[in-house]
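Working notes, structure below.
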Amino acid sequence: MTIGCPECGALEDIPPLASRMLARCRVCRYPLERRSGRSLNAALACSMATFALLFPANLAPLMTVHMLGTERSSVLASGIVAMWREDWIILAVLLGTFGIVLPFIRFGALTLVLGAVRAGWRFKGIGALFRWTVLLDIWAMPDVYLVGCLVGYARVTQNLTGTIGEGGYCFIAAALMSMLTRASLDRRTIWRAIAAERTLAKGEAALSCTVCDLVEPVSREGQPCYRCGQKLRVRKPDAVVRAAALSLAALVLTVPANLYPMTVSTQLGHDVSHRIIDGVYQLFHAGLWPLGILIICTSIVIPLAKIVGMAWFIASVKRRSREHLRIKAHLYRWIDELGRWSNVDVFTIAAFAPLIPLDGIASARPAIGATAFALVVFLTMTASRAFDPRMMWDVRVRRRP
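The numbers in this note's numbering rise by one with no breaks, and the one at position 51 of the sequence shown is 51.
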């Protein structure tokens with residue numbers, strides 16, 4: 001079974017693997033197929049459970065706080081709706097899309113595909129539908145939203161009494177099930193169940209699909225992949241230009257994201273601004289240093305590392321550097337996977353802000369820094385997806401792409 005490595009472009013023949021076996025690319029060491037912990041039945045069960053739990057998680061009360069005989073409850077979308085009403089449109093759209101809309105779409109579609117494969121039913125468009133579930137994997141963020149809710153709950157309960165509602169427990173379960181779905185999903189087996197790999201003639205020029213890694217003749221460039229429907233390209237068009245433009249835009253926005261406040265709190269008529277570093281200081285001061293370290297990593301270290309890393313990759317392609325290719329491949333993999341976790345800070349705002357307004361005593365609302373930071377995360381994630389890591393390996397001895 002021949003597939004194309006998505007990171008270096010090398011063609012690899014993978015024999016049938018037994019359980020607990022792992023196949024890596026011989027060139028860049030990318031894990032091409034992993035059988036340990038992978039199961040169609042487990043992935044289907046976890047995906048179905050995630051999709052079902054998302055309904056009560058979004059409809060039932062998430063958290064409730066009590067103060068001076070009054071109480072205030074929120075649902076998962078309360079903070080996002082409040083942002084929309086206060087004209088923080090970009091922030092509300094980004095968080096609502098990542099935290100609420102895309103989880104429903106991804107896990108609903110994934111449940112349908114896995115159920116069809118389990119039942120042996122191949123409907124028209126199943127490959128394209130599974131392609132979309134794969135592409136939406138990093139953009140659907142119930143797990144990231146959960147961590148944001150936990151940080152928000154910890155911040156609120158420093159001075160107030162709070163309880164987690166039925167929706168909160170359902171959301172915890174849904175987020176955990178979403179992570180188990182990602183861990184148990186065997187994409188390679190699903191792709192083969194949708195359509196098997198083709199055998200090419202010896203010495204025939206070939207290219208590989210950037211989504212399902214299917215190898216096809218290079219003469220089919222520009223046509224849709226017969227398995228997933230993605231347009232076939234030897235390399236992503238304008239990958240360096242698009243990645244550089246998006247990374248530069250993210251770099252510019254890191255200035256307001258770090259210098260301007262993320263939230264503004266009103267306490268007894270006085271406005272208090274909070275930047276990222278101020279929130280970290282408050283967490284350390286309250287003894288919540290593990291959460292403080294988490295915010296430092298997700299909100300400061302990871303965004304800057306993504307921009308610096310993308311600059312290194314782009315420079316490597318432009319200079320046709322042959323140095324540290326495997327290190328750059330590993331770093332790209334980490335950047336692409338961990339980038340989504342930078343949204344923890346803005347999800348924290350969506351979690352705790354709707355719980356603060358208590359009869360004019362106190363309130364909290366997002367500020368300009370939150371929008372800038374959310375855009376930094378979005379742009380860096382888009383930049384890593386626009387870049388084609390195979391271009392860094394093109395300086396080696398020419399292989400079939």
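The beta-carbon is built from N, C-alpha and C at its ideal position, and this holds for glycine as well.
A contact between stretches requires three or more CB pairs, one per stretch, nearer than 8 Å, and the region 335-355 meets this requirement with the region 138-156.
With 16 or more other Cβ atoms inside 10 Å of its own Cβ, R131 counts as buried.
Counted as a single uninterrupted DSSP element, the alpha helix (DSSP H) harbouring S184 occupies residues 166-184. Burial state of E33 is buried, judged by a 10 Å Cβ sphere holding 16 or more other Cβ atoms. Residue range 239-259 is occupied by the alpha helix (DSSP H) that includes S247. Of the residues I314, V215, L248, the one whose Cα lies closest to the Cα of A195 is V215.
Annotated three-state conformation of D213 is coil, per DSSP. For V272, the enclosing beta strand (DSSP E) covers residues 270-274. Short of 8 Å from the beta carbon of R333, and not among the five residues preceding or following it, lie these beta carbons of its own chain, in chain order: E7, Y30. For L379, no beta strand (DSSP E) run applies; the uninterrupted alpha helix (DSSP H) run containing it begins and ends at 368-386, by DSSP. In this chain, E197 is not harboured by any alpha helix (DSSP H), its DSSP state being neither H nor E. The Cβ atoms of L185 and C209 lie no closer than 8 Å to each other. Counting only the Cα atoms, V301 lies some 19 Å from L246.
In the DSSP annotation of this structure, P31 is not part of any alpha helix (DSSP H); the continuous beta strand (DSSP E) holding it starts and ends at 31-34.
Taking C-alpha positions only, T133 is separated from L283 by approximately 36 Å. Residue pairing by DSSP places K231 opposite P224 in a beta bridge. In this structure E197 is buried. Its beta-carbon is surrounded by 16 or more other beta-carbon atoms within 10 angstroms. Contact between G339 and T380 is confirmed by a C-beta separation of about 6 Å, below the 8 Å threshold.
Linking S47 to C212 through their CA atoms gives a straight-line distance of about 20 Å. Annotated three-state conformation of R24 is strand, per DSSP. According to DSSP, residue pairing for S208 in a beta bridge involves V215. Ranked by Cα distance from R275, the first of R242, R365, N41, G108 is R365. Taking every protein chain shown into account, the CB of T181 has 16 or more other CB atoms within 10 angstroms, so this residue is buried.
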